[in-house]
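Q: Just dropping this structure here.
Residue numbers (the working numbering): 2 to 74.
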């Protein structure tokens, strides 16, 4: 039973494409602000600092508050 092995070929290494900072910066700022708003609603939307009336937001993010270590009781 004869086995043949393909000879190695010379290849150039793959070079990842470079993304310019000007293309990434607006998205990074957008997602940073979005995360800060989300952190506010999970961590501080309750009581005296409440933006929305009622307890609906608190009930929706209640488990996330405990998971992230925010006290709420």
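Where is the CB? At the ideal position from N, CA and C, for every residue including glycine.
For the alpha helix (DSSP H) holding residue 7, just list the boundary residues, first then last.
A: Indexing the chain shown from 1 puts residue 7 at position 6. Premise fails: residue 7 is in no alpha helix (DSSP H) and is neither H nor E.
Q: To the nearest whole angstrom, what separates the beta carbons of residue 43 and residue 66, a pair I think is in contact under 8 Å?
A: As a first step, residue 43 is located in the chain shown; it is residue number 42 there, counting from the start. As a first step, residue 66 is located in the chain shown; it is residue number 65 there, counting from the start. 6 Å between Cβ atoms; contact.
Q: How long is the line joining the alpha carbons of residue 32 and residue 38, rounded to whole angstroms?
A: Along the chain shown, read from residue 1 onward, the residue named residue 32 stands at position 31. Along the chain shown, read from residue 1 onward, the residue named residue 38 stands at position 37. Approximately 10 Å, taken between the alpha carbons.
Q: Say yes only if the C-beta of residue 37 is nearer than 8 Å to one or more non-hydrogen atoms of the ligand MN, and no if none qualify.
A: No copy of the ligand MN appears in this structure; indeed no ligand is present at all.
Q: Tell me the residue span of the alpha helix (DSSP H) that contains residue 20.
A: To locate residue 20, count along the chain shown from 1; it is residue 19. No alpha helix (DSSP H) holds residue 20; DSSP gives it neither H nor E.
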